[in-house]
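Colleague: Here's a structure for you.
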Ligand SMILES: [Zn+2]
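Numbering (the numbering used here), first residue to last: 86 to 323.
Rendered as structure tokens:
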């Protein structure tokens, strides 16, 4: 036998290739979780999409985890392909205003415009609007609540805030999330900071070891009465 016989190399595995079984919901990791019973946690990522979101999407796909992205409208205009990939990978998309404005400083008309323009930009790319919004800085008031209500959007706050925008320190973000997260919590992170994206693998591995299931915000709140305009920071104890 000649040692020179060429064996064709297998084609490189691409992380970008969607797994058809996952897309069809056939993987057990992607079956529905009942958060009234299971220890659920919803990871949320704000202020994107940006170029770095792509790496986060690869990490989430490797761990077969779904998250929720609160996207800024003008960033959607800049990175529409990344928004579409968030959607294709099964993540939830939610509204984080057009320009990341402090909505409490705006008129009712201004608030409506910030939210509506973002709904339109999202809808243009993924084919439908959203049911959730998060006011930038968590700054809200009666005008914001009323505008969100009229647009059919619940206000999503958070239970766990590692202050990852202030401390761009991966180990610190990991420690804060891991020490503060309880069942039913919504966790606030930012995909615009590489230090936060770098914290995600350890957060996923450690919380999974503790028995947590990662779900989107809508999955977390399934069975809870979610009303447009009202605020949610966790799955209320049942
Ligand atoms: Zn934000």
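Don't be surprised by glycine CBs; every beta carbon is placed ideally from N, CA and C.
Starting from residue 272, trace the beta strand (DSSP E) both ways and give me its first and last residue.
Modeller: In the chain shown, counting from the first residue as 1, residue 272 sits at position 187. Unbroken beta strand (DSSP E) run through residue 272: 270-275.
Colleague: Taking only heavy atoms of ligand 1 into account, decide whether any of them is closer than 7 Å to the Cβ of residue 181.
Modeller: Along the chain shown, read from residue 1 onward, the residue named residue 181 stands at position 96. Because some heavy atom of ligand 1 lies under 7 Å away, the Cβ of residue 181 counts as near it: yes.
Colleague: Classify residue 114 as helix, strand or coil using the three-state DSSP reduction.
Modeller: Mapped onto the chain shown, residue 114 falls at position 29. The pLDDT assigned to residue 114 is 48, lower than 50, so where the model puts this residue is not dependable; a value taken from the coordinates is nonetheless given after this. Residue state, collapsed to three classes: helix.
Colleague: Can you have a look at residue 180 and say buried or exposed, based on whether 16 or more other CB atoms are within 10 angstroms of its CB?
Modeller: By 1-based counting over the chain shown, the position of residue 180 is 95. Label assigned to residue 180: buried.
Colleague: With a threshold of 6 Å on Cβ separation, who are the neighbours of residue 311 within its own chain once the five nearest residues in sequence on each side are excluded?
Modeller: Working through the chain shown from its first residue, we reach residue 311 at position 226. Same-chain partners within the cutoff: 239.
Colleague: When burial is assigned at 16 or more other CB atoms within 10 Å of the CB, is residue 222 buried or exposed?
Modeller: Stepping through the chain shown from its first residue, residue 222 is reached at position 137. Flag for residue 222 reads exposed.
Colleague: When the Cα atoms are used, what is the spatial distance from residue 214 to residue 259?
Modeller: Here residue 214 refers to the residue found at position 129 of the chain shown. Here residue 259 refers to the residue found at position 174 of the chain shown. Approximately 32 Å, taken between the alpha carbons.
Colleague: According to DSSP, is residue 325 helix, strand or coil?
Modeller: In the structure as shown, the chain starts at 86 and stops at 323, and residue 325 therefore has no counterpart that could be examined.
Colleague: CB-CB under 6 Å to residue 268, same chain, minus the five flanking residues each way: which ones, in chain order?
Modeller: The residue you call residue 268 lines up with position 183 of the chain shown. The answer, listed in chain order, is 124.
Colleague: Per DSSP, what kind of secondary structure is residue 312 in: helix, strand or coil?
Modeller: The count along the chain shown starts at 1 and reaches residue 312 at position 227. Residue 312 falls in the coil class under three-state DSSP.
Colleague: Give me, in chain order, the residues of the same chain whose beta-carbon lies closer than 8 Å to that of residue 141; leave out the 5 immediate sequence neighbours on both sides.
Modeller: Start at 1 with the first residue of the chain shown, and residue 141 comes out as number 56. Cβ neighbours of residue 141 beyond the five flanking positions: 130, 276, 282, 285.
Colleague: Just mark residue 295 as buried or exposed, buried being the case when its beta carbon has 16 or more other beta carbons within 10 Å.
Modeller: Sequence index remark: in the chain shown, residue 295 carries index 210 (1-based). Answer is exposed; the Cβ neighbour count stays below 16.
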